[in-house]
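In my numbering, the protein residues as written are 725 to 865.
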Amino acid sequence: MAKNLTLLGNIEVNIESRKSLPIMNDMRRKKVSKRHPQGEGDLMINEYGPYVQMSTLGERMAALYQMDANLALESHLTHYMDEVEVNIAADTFDHVGFMNKISGQLQMKLDATDDSRRREFLQAIVSSLQERIRRHSLDIA
């Protein structure tokens, strides 16, 4: 099944089933869950929440993009945004808060980064997340 994903607000990419990057599979294996002391359910706490994993994945993918001049921005960004969509589809929670937290973490990394290629990828993620938040807000309005 194919679907279109709009990236950076103006680049539309046709997404078909594709294999995840090895780094994404590694991140999936490291999922961490903390239980409430009274057993009242899982907590998405700041230290271990899925947005922390997605922020870390974004940083790792930015490093890969920085080191490999052959990686194309659009396809690399599509892989990342596919992972965001997988997390959103996997559960019911505050999706906008989830994306805002990822965006905030990566914006801090962007502000502290000097390498132009790494900055380009981090900026693309932040912009795509903000566009996704905007679309989500329109969908529920």
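Where is the CB? At the ideal position from N, CA and C, for every residue including glycine.
Taking 9 Å as the cut-off, the beta carbon of Y789 is found closer than this to the beta carbon of L797. Sequence-distant Cβ neighbours of N824 in its own chain, meaning closer than 7 Å and more than five residues away, are I857. Apart from sequence neighbours up to five positions away, the residues of its chain that approach L834 with a beta-carbon distance below 7 Å are R843, L846, Q847, V850, ordered along the chain. Within the segment 769-822, the runs of alpha helix (DSSP H) at least 4 residues long that lie entirely inside it are, in chain order, 774-791, 797-814. N811 places its beta carbon less than 9 Å from that of M778. For P774, the closest C-alpha among the options N794, E807, D838 is that of E807.
Residue Q831 holds the alpha-carbon nearest to the alpha-carbon of S852 among R841, D792, Q831, F817.
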